[in-house]
Each structure stands twice: as structure tokens, then as C-alpha cells.
Amino acid sequence: MDALTSPVTISRHGAVAVVRIDHPPVNALSKGVRQGLLDAVRALDADAAVSALVLSGGPGRFVAGADLREMALPPDAPFLPEVVGALEACTKPVVAALDGAALGGGCEIALACDVRLGSPTALVGLTETRLGLIPGAGGTQRLARLVGVAQAIALVCEGRVLKAGEALSLGLLDAVAEGDLLAEAIARAPSEAKRRLSALPAPAGDPAAAEAAAAKALKGAKGVPAIAEAIRVIKASRDGDFASGLAAERAAFLALRESPEAKALRHLFLAEREAVKVPGLEGAKARPLASLAVIGAGTMGAGIAVALLDAGYPVTLVERDATAAQAGVERIDAVYARQVKSNRIDEARKAERLARLTPSSDYAALADADLIVEAAFEDQAVKTDIFGRLDRIAKQGAVLATNTSYLDLDAIAAATARPQDVVGLHFFAPANIMKLLEVVKATHTAPDVLATALALAKKMGKQPVVAGNCDGFIGNRIYAVYRRHAEYLVEDGAAPEAVDAALEAFGFAMGIFAVSDMSGLDIAYAMRMRRAATRDPNERYVAIADALVEAGRLGRKTGAGWYAYDAAGNRMPDAFVTRAIEQARAAKGIVPRAFTPADIQLRLLAVMANEGAKALAEGIALRASDIDLAFVHGYGFPRLKGGPMFAADTLGLPAILAEVQAAHATGGAGSEPAPLLLERAAAGGTFSDWRKAGAPMGGIQ
Ligand code: NAD
Numbered sequence: 006m007d008a009l010t011s012p013v014t015i016s017r018h019g020a021v022a023v024v025r026i027d028h029p030p031v032n033a034l035s036k037g038v039r040q041g042l043l044d045a046v047r048a049l050d051a052d053a054a055v056s057a058l059v060l061s062g063g064p065g066r067f068v069a070g071a072d073l074r075e076m077a078l079p080p081d082a083p084f085l086p087e088v089v090g091a092l093e094a095c096t097k098p099v100v101a102a103l104d105g106a107a108l109g110g111g112c113e114i115a116l117a118c119d120v121r122l123g124s125p126t127a128l129v130g131l132t133e134t135r136l137g138l139i140p141g142a143g144g145t146q147r148l149a150r151l152v153g154v155a156q157a158i159a160l161v162c163e164g165r166v167l168k169a170g171e172a173l174s175l176g177l178l179d180a181v182a183e184g185d186l187l188a189e190a191i192a193r194a195p196s197e198a199k200r201r202l203s204a205l206p207a208p209a210g211d212p213a214a215a216e217a218a219a220a221k222a223l224k225g226a227k228g229v230p231a232i233a234e235a236i237r238v239i240k241a242s243r244d245g246d247f248a249s250g251l252a253a254e255r256a257a258f259l260a261l262r263e264s265p266e267a268k269a270l271r272h273l274f275l276a277e278r279e280a281v282k283v284p285g286l287e288g289a290k291a292r293p294l295a296s297l298a299v300i301g302a303g304t305m306g307a308g309i310a311v312a313l314l315d316a317g318y319p320v321t322l323v324e325r326d327a328t329a330a331q332a333g334v335e336r337i338d339a340v341y342a343r344q345v346k347s348n349r350i351d352e353a354r355k356a357e358r359l360a361r362l363t364p365s366s367d368y369a370a371l372a373d374a375d376l377i378v379e380a381a382f383e384d385q386a387v388k389t390d391i392f393g394r395l396d397r398i399a400k401q402g403a404v405l406a407t408n409t410s411y412l413d414l415d416a417i418a419a420a421t422a423r424p425q426d427v428v429g430l431h432f433f434a435p436a437n438i439m440k441l442l443e444v445v446k447a448t449h450t451a452p453d454v455l456a457t458a459l460a461l462a463k464k465m466g467k468q469p470v471v472a473g474n475c476d477g478f479i480g481n482r483i484y485a486v487y488r489r490h491a492e493y494l495v496e497d498g499a500a501p502e503a504v505d506a507a508l509e510a511f512g513f514a515m516g517i518f519a520v521s522d523m524s525g526l527d528i529a530y531a532m533r534m535r536r537a538a539t540r541d542p543n544e545r546y547v548a549i550a551d552a553l554v555e556a557g558r559l560g561r562k563t564g565a566g567w568y569a570y571d572a573a574g575n576r577m578p579d580a581f582v583t584r585a586i587e588q589a590r591a592a593k594g595i596v597p598r599a600f601t602p603a604d605i606q607l608r609l610l611a612v613m614a615n616e617g618a619k620a621l622a623e624g625i626a627l628r629a630s631d632i633d634l635a636f637v638h639g640y641g642f643p644r645l646k647g648g649p650m651f652a653a654d655t656l657g658l659p660a661i662l663a664e665v666q667a668a669h670a671t672g673g674a675g676s677e678p679a680p681l682l683l684e685r686a687a688a689g690g691t692f693s694d695w696r697k698a699g700a701p702m703g704g705i706q
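If you want this note's numbering, it's the 1-based position in the sequence shown plus 5.
This is the structure we're talking about:
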């Protein structure tokens with residue numbers, strides 16, 4: 006590698022050589038970094054003028070891990086085990102100076118050094134299992150020798166990121182430098198001895214503790230194959246020599262790297278970072294947010310207020326009258342009381358958060374807010390009235406947001422004289438817990454308003470996904486198709502519990518009918534009634550859910566819906582539902598047929614991806630991976646499958662297209678194959694690699 010362009014440089018401080026990795030933004034272990042490190046260590050080992058080495062990533066960072074984009078490319082030497090091996094084999098002491106993140110491969114590099122000196126802001130951890138991998142450059146074997154097998158299993162399987170203090174107490178750090186980290190490392194290095202973890206005897210430790218740690222990790226594994234592999238490989242460190250442990254670890258790492266689960270998790274990791282990059286927002290500066298407000302303190306408004314209080318903002322909460330405002334405060338109080346009860350926060354923190362809440366029944370209280378989220382009833386007239394009032398009361402430059410699920414954002418914005426300040430902030434229930442935040446752009450939403458919404462999402466720890474304005478935006482639009490086709494399957498012969506079992510076997514935490522029962526069947530019913538007049542007569546309509554609602558079965562809240570529930574809340578099939586289904590079939594002359602779990606899974610995945618393709622082509626979603634994020638973070642789609650668009654790409658679009666054609670034959674109007682699906686399937690392409698060509702703001706509508 007050319008010395009001028011290498012991301013690894015060497016500087017001399019007397020007999021100490023500082024090897025500096027400089028590969029922004031996070032010093033990911035790309036080929037150039039691996040090669041640069043290898044060359045530097047070998048050269049300095051052979052240099053008689055050098056007595057010791059310091060390895061640094063510069064201020065605020067060490068090495069945050071592998072270069073995930075490179076993992077999709079053909080392997081290219083040198084590989085990390087060689088770099089790590091050279092560091093450990095170096096005949097001179099090597100001090101790792103850890104500032105910021107030393108994670109994954111970065112932590113493995115640090116473990117190959119003789120001394121680990123951290124700054125107070127150092128972060129250390131073997132985080133590979135979060136991406137469906139295990140450490141592949143000796144991390145498991147060295148860590149087991151350093152902290153024992155049980156602790157290593159716990160740390161690796163959780164993918165824990167340790168702060169400096171905890172890393173010090175567990176022995177991952179030898180010391181924490183309070184002063185200048187690099188100066189201290191340089192001062193210490195010459196007097197250090199070689200301390201190779203690989204030279205330590207195989208770890209002993211309490212076998213019962215190791216078994217307990219393994220059992221706990223497997224319980225939380227949720228089907229991630231990397232967890233079982235990590236346990237196996239760490240346990241193997243007890244049995245043999247270091248070299249055979251290393252070989253077992255590497256073999257497991259290489260196999261996992263190609264696993265569909267790891268590919269899906271890598272896809273989501275990159276998707277999460279890409280989602281905040283919106284073409285056209287490059288120059289936009291987020292507006293400052295000091296004081297926030299929420300209108301409506303029902304299910305969503307209360308949850309949104311909690312999310313904003315948790316993010317540190319003062320929050321004004323406006324309701325229709327004093328009684329409703331008080332009910333809202335009680336709802337919020339109850340959320341925090343549950344958190345105190347389960348030891349997630351203490352009383353002092355609860356009090357501090359509630360002290361930042363100002364309830365009111367007077368819209369004038371909104372005059373100072375920098376951003377207002379409306380979460381009142383889902384009714385166009387109510388929202389139009391509220392936004393008209395906001396236009397008169399809110400200060401100039403305030404962001405006016407709505408939590409609407411389905412309504413037309415442009416119509417809401419038109420109730421104001423400042424449509425550029427109006428944006429959708431679509432939270433999911435419970436709003437303080439669910440990670441997804443759909444940020445909806447209306448026709449006139451200003452770039453800096455979108456940038457403000459994205460900055461707010463970051464502050465709240467939410468995953469934002471930018472959506473265009475259409476019925477249901479990204480998530481609910483696709484969910485509606487998913488639900489419709491689940492009902493077609495039921496009418497055609499699959500029992501609701503069979504559909505749910507197939508979805509749960511696919512990886513959803515809960516099947517779609519169980520979810521409907523939990524959220525309540527009345528909301529979707531009201532929407533169907535609202536739309537009855539404008540529904541395409543050629544769209545197949547299933548009336549079973551209507552029959553359930555009209556019989557007073559609104560889901561869990563009334564004790565029955567698609568299922569019956571016992572006193573403990575366990576769901577079970579119900580003869581009433583079976584009869585309603587049979588009647589619906591009889592009315593249409595449908596002879597029920599059998600569906601396997603695989604049939605159900607393929608059908609529902611195909612129709613979701615098909616609707617996703619329509620949303621993509623229309624500019625409702627910027628990229629397929631944003632749709633994946635919406636479903637994984639907002640609708641319980643299994644992470645290990647990477648989201649509906651990624652799962653469709655993985656299965657192959659020709660197979661998806663064939664299934665969509667079958668779905669169209671049963672569903673009629675509205676279920677047509679998306680032109681984009683036809684095009685991608687014919688071209689042998691994927692959704693993931695498709696972008697709307699040459700469109701402003703990435704084509705978002
Ligand atoms: P909700 O009925 O529980 O709460 C609405 C609250 O708004 C009530 O407390 C009501 O008193 C108050 N309100 C009504 N008109 C008002 C006005 N003019 N001024 C002040 N307050 C007023 O409803 P919700 O489920 O919290 O839904 C609120 C919004 O969030 C809707 O637009 C809904 O579509 C959307 N949403 C709901 C969910 C969900 O799962 N419930 C999810 C995402 C978005």
C-alpha cells in the first residue's frame with residue numbers, strides 16, 4: 006500500500022513508535038487498514054531503533070469493527086487473523102490506547118495487544134453476535150482466557166458494549182488514563198512486558214456457571230444461530246490448545262458469515278444508517294428544538310409525550326378540557342409507575358420527568374412550542390380545525406406535526422397558511438417503546454422541517470423512515486394488503502390460527518389475527534365503513550371481520566375477537582369464528598382448500614413485497630431497505646429475514662412474481678403485480694439495488 010494513502014501511519018516518540026489508524030468515520034477494518042497495520046507491525050518489529058509500540062485510532066475512536074460493505078465482496082487478503090497474529094507475535098510490547106469504540110474486530114485487535122489502556126470514554130466489546138456472527142480473529146479464545154468461560158459467554162452472546170469502568174473491573178482494560186491517553190501510553194510502553202493472552206493456560210472456571218450462562222444466552226437467542234456457535238466455540242477453549250480453539254472459531258465465523266441470518270442482519274444494520282440520508286436534504290439545517298408540545302392525550306398522545314419527556318424535552322400537553330388533560334397526566338403517570346415497579350427508573354427520575362410536563366386545556370399554551378405533535382382523533386374535520394387554530398397560535402417557524410395514520414397530509418397542511426412547516430410524525434403504539442417513526446413528507450414540507458424531524462427521531466432513539474404522502478404511507482399501506490390477503494386465505498380454507506401459526510413459524514412475534522385482536526377490530530372496521538362507498542367493486546371483500554365486530558367481538562378488550570381468551574389471556578380458536586367463516590364461504594360458494602404453512606408464508610410475503618414495489622415506484626418510499634426497516638421496527642417482521650423486500654430479493658423475484666399472479670387471481674382489483682416487480686423479475690434484478698432515476702429528493706412524493 007502506498008505510504009501516502011495508507012490509513013495507517015507511524016510516528017516516532019524516542020524509541021516508541023505510535024501506529025495510528027486514520028480511516029474515518031469509525032476506522033472500520035477495511036482491507037487498507039488491515040494491510041497498513043500488518044505492514045507497520047512487521048516493519049517496526051524488525052526495526053532495532055524501536056523498543057515498544059502504541060496502537061491508536063486517534064482522538065475519540067479506536068476501531069468500531071469490520072467493514073460491513075466489504076463483507077458482501079469476494080474475500081481479499083490480508084485477513085484479520087493474520088493482523089491479530091502479527092500484533093501478538095511482535096517481539097516488542099504493544100500498548101493499545103483505546104478512546105471511543107473498540108468493538109468487534111477492534112476489540113479483537115485490542116485483545117492481541119499486551120496492554121489495554123482506555124480513556125474514560127472508551128467502549129469495549131465483542132459485538133459480532135448482533136450481526137449474526139461470532140468473533141473470527143481469536144476474540145472468543147482470548148476473552149475466555151482473560152475473563153473466564155462463563156463471563157465470555159455472557160459478553161459475547163449479549164454483544165455487550167462495556168463502558169470504561171466496567172471494562173476495567175472485568176479486566177478487559179488494564180488501566181483507565183485520566184489525563185492525555187496517548188502521552189500516557191507512550192510513557193508506559195517501554196517498561197511493559199509481553200503479555201500474550203494466547204500463552205495463558207486454557208481457562209478453567211466453574212463449569213456450572215458456564216452452563217448457566219449458556220442456558221441464559223440460548224433462551225434470549227431468538228433463533229440466531231450465532232449464539233449456539235459462540236457458546237460451542239467458547240466452551241471449546243477449555244478442551245484443547247489455543248491453536249485448535251482458534252481454528253474452530255474461524256471455521257464457525259466463516260460459515261456464519263454466509264448464513265442467511267447474518268446477511269439479513271447486515272442488510273438491516275446498513276439500512277438503519279442509510280435511512281437518515283435523504284437526497285436533497287444535504288444543505289438543510291434542523292431547526293432548534295427547546296420546547297415541545299403534544300395535542301391529544303389519548304393512547305398515542307400520552308405515549309408520544311412520554312417519548313419526548315424521556316428524550317429530555319419540556320412538554321406541553323393540550324387536551325379538549327381540564328378533565329381530559331388530567332386523564333392524560335394520569336396515563337403518563339401510570340407509564341412511569343410501571344417503569345418504577347419494574348426497576349427501569351427510580352422515583353427521582355420519574356419525578357424529574359413529570360416535572361417537565363405541563364398539561365393544559367388552553368391552545369394558547371402552544372404559543373412558545375418549537376414543535377407540536379397533534380395526536381387527536383383520526384378525523385379529517387378534527388384535524389383541519391386543529392391545524393387552523395395552530396396557524397393562528399403557533400409561533401413563526403414552529404414545526405406542525407401530525408400523528409395521523411391514514412389521512413391526507415396535504416389536506417391537513419392546507420388548513421394552515423404555512424404548509425411548508427407541516428410534516429407527519431407517525432409513531433407506533435406504544436409510542437414510547439416502538440422504535441419506528443415514519444416521517445411523512447407532504448407536497449410542501451420544507452427540507453429543514455424534514456431535517457428537524459430526523460434530528461428529533463435521533464434524539465428520541467427512534468428509527469426514522471421517510472415516507473411520501475399516500476393512504477397509509479409506507480407501513481399501513483402495505484399492512485392493509487397483508488391483512489386483506491390473510492383474510493382471503495381464511496375464506497379460502499386456512500383457519501386464522503393456522504395463518505397465525507405459519508407467521509409465527511416464519512418469525513413474527515405474533516400472527517396477524519392475534520395482533521388484530523390486540524389492537525382492536527373496531528378501528529379497521531370504522532375505516533372499512535368509511536371507504537365502503539369508494540371501494541373498487543372488483544376488489545374481493547371479506548366480511549368475516551365485520552361479522553365479528555357487529556357481534557360485539559372487538560378483540561381482547563371485549564374478551565373475544567378472532568379468538569376466544571381464557572382468564573389467563575391465552576388465545577384459543579372459537580366456534581363462533583369458525584361458523585362465521587363457514588357462512589362466509591357458503592355465501593360465496595367457496596370450497597375450502599388446504600394451505601401448508603409454507604403456502605401461507607409465501608403468499609403473504611409476496612403480496613407485501615408487491616405492494617412495497619408499488620410504493621417504491623410511486624416515490625412513497627425512497628428505497629426498498631426503508632420498507633424493510635418499517636416492517637422490522639413497526640410491525641414485528643422478523644429481523645432474521647431482513648424485511649419483506651430483502652426476503653423477496655433473497656427468494657428471487659421470479660418466484661415472488663409467480664406467487665403474486667396467483668394472489669391476483671384470488672384477490673382481484675388492487676392485487677395486480679407491480680410494474681416494478683415485473684420489470685425487476687424480467688431483468689434478473691432485485692428491489693434492494695433499485696433507485697428512482699434522477700428524481701429530486703430521491704423521488705419522494
Ligand atoms: P385516542 O382516542 O386514544 O386519543 C385521542 C385524544 O385526542 C383524546 O384524548 C381526545 O380527548 C383528544 N382530542 C380530540 N380532539 C381534540 C382537540 N380538538 N384538541 C385536543 N385534544 C383532542 O386516539 P389515539 O389512538 O391516541 O390516536 C390519535 C391519533 O394517532 C390518530 O390520528 C390515530 O390515527 C393516530 N395513531 C394511532 C395509533 C394507534 O395504534 N392507536 C397508531 C398510530 C397513529
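From the three backbone atoms N, C-alpha and C, an ideal C-beta is built for every residue, glycine too.
Sequence-distant partners of G306 (beyond 5 residues in either direction) whose C-beta falls short of 6 angstroms from its own C-beta, in its chain, are V299, A380. For H638, the shortest separation between its Cβ and any heavy atom of ligand 1 does not lie below 7 angstroms.
Boundaries for E287: no alpha helix (DSSP H) harbours it, and the DSSP string shows neither H nor E there. Taking 8 angstroms as the cut-off, the Cβ atoms of T363 and T407 do not count as close. Excluding five sequence positions before and after D415, the CB atoms of its chain that fall closer than 7 angstroms to its own CB belong to A447, T448, N474, given in chain order. E502 and I549 do not touch by the CB rule: their CB atoms are close to 14 angstroms apart, not below 8 angstroms. Our two residues, V229 and G137, have alpha carbons roughly 6 angstroms apart in a direct line. The three-state reading of DSSP puts V596 in coil, since its state is none of H, G, I, E or B. In this structure, the C-beta of E443 stays at least 7 angstroms away from each heavy atom of ligand 1. A71 places its beta carbon less than 8 angstroms from that of G109.
Here the alpha carbon of G516 sits roughly 12 angstroms from the alpha carbon of P643. Taking Q606 as the centre and dropping the five residues before and after it, the same chain places the C-beta of A507, L508, A510, F511 closer than 8 angstroms to its C-beta, in chain order. Exclusion of the five residues before and after L658 leaves R685, A686 as the residues of its chain whose Cβ lies within less than 6 angstroms of its Cβ. Check the Cα spacing between G225 and each of A599, L683, V161, A399: the tightest is with V161.
Setting aside the 5 residues that flank it on each side, I595 is surrounded in the same chain by E496, D497, each with a C-beta closer than 7 angstroms to its C-beta; the list follows chain order. Under a 10 Å Cβ-count criterion, A629 is classified as buried, with 16 or more other Cβ atoms of the shown protein chains found around its own Cβ. By the Cβ-count criterion, G141 is buried, with 16 or more other Cβ atoms from all chains shown falling within 10 Å of its own Cβ. A Cβ-Cβ contact shorter than 8 angstroms links S693 with D654.
For F518, the enclosing alpha helix (DSSP H) stretches over residues 517 to 524. At the C-beta level, V99 and D119 come within 8 angstroms of one another. Residue ranges of uninterrupted beta strand (DSSP E) with 3 or more members, entirely inside the region 346 to 374 and ordered along the chain, are 362 to 365. Segment contact: the region 197 to 204 against the region 615 to 624, fewer than three CB-CB distances shorter than 8 angstroms; contact not assigned.
Per DSSP, the continuous beta strand (DSSP E) segment holding Q468 begins and ends at 468 to 473. In the DSSP assignment, T145 falls within the alpha helix (DSSP H) that extends over 144 to 152.
The closest heavy atom of ligand 1 lies 7 angstroms or more from the beta carbon of G560.
For V323, the shortest separation between its Cβ and any heavy atom of ligand 1 lies below 7 angstroms.
Three or more pairs of CB atoms, one per stretch, sit closer than 8 angstroms, so the region 116 to 132 contacts the region 145 to 155. DSSP, read as helix, strand or coil, puts R200 in coil. M532 sits in a helix when the DSSP states are folded into three classes.
The beta carbon of L395 lies closer than 6 angstroms to those of L405 in the same chain, with the five residues before and after it left out. Taking 8 angstroms as the cut-off, the Cβ atoms of A668 and A611 count as close.
No residue range can be given for S676, since it is assigned to no beta strand (DSSP E) and is classified by DSSP as neither H nor E. Shown here for I350: same chain residues with a beta carbon closer than 6 angstroms to its own, the five before and five after excluded, namely Q344 in chain order. C-alpha of K221 to C-alpha of T421: approximately 55 angstroms in a straight line.
N615 is a Cβ neighbour of P678, given a cutoff of 8 angstroms. Residue pairing of F432 in beta bridges, as defined by DSSP: L442.
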